[in-house]
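Worksheet for the structure shown next.
Numbering (the numbering used here), first residue to last: 1309 to 1483.
Here is the structure:
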């Protein structure tokens, strides 16, 4: 009878140990997912802050009638006094595919040409005229809808759960 009790307690102990290990690994996976999600949201917040700063100044202190130089569904170049020094700066946002990854690139001419890029999934721009009709004719654009989608599965081997952020905002051109 003693061997049966010992065997039974080993089996029950093994099941309890496996259950505890499962709970531990599940907790670690959830913790890692939360960290990746937080990182992705923080990255999107930084992108949104820079875009808000630039896009809210489209046409700011620009005397020429051309405030938006070029626009299509995935790129835009516009004029604005970004650094508020009285001189007109050029700002360009566009996408670049490199090594199978899509980058959002920001290029400015504040004092010298400066460029930075960040990995994204999608970048979309839509121009609207005064009647709220979609247009890409620069002279008719009164507002712009900008959408950015990012994800971050760089640290995951199992990509069944996608971690990402979505940003959308409408900006109005300074007259």
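For glycine and all other residues, C-beta sits at the position ideal for the given N, C-alpha and C.
Check, Outcome
"Ranges of the beta strand (DSSP E) found wholly within the segment 1361-1400, counting only runs of at least 3", "1376-1380, 1383-1388"
"CB of residue 1449 within 7 Å of CB of residue 1435, strictly", "yes"
"Helix, strand or coil at residue 1451 [DSSP, three-state]", "strand"
"Proximity test, Cβ basis, 7 Å: residue 1402 and chain D", "The chain inventory of the structure shown lacks chain D, comprising one protein chain alone."
"DSSP beta-bridge partners of residue 1428", "1410"
"Nearest-angstrom beta carbon gap, residue 1451 and residue 1479 [assumed within contact, 8 Å]", "6 Å"
"Residue 1324 in three-state terms, based on DSSP", "helix"
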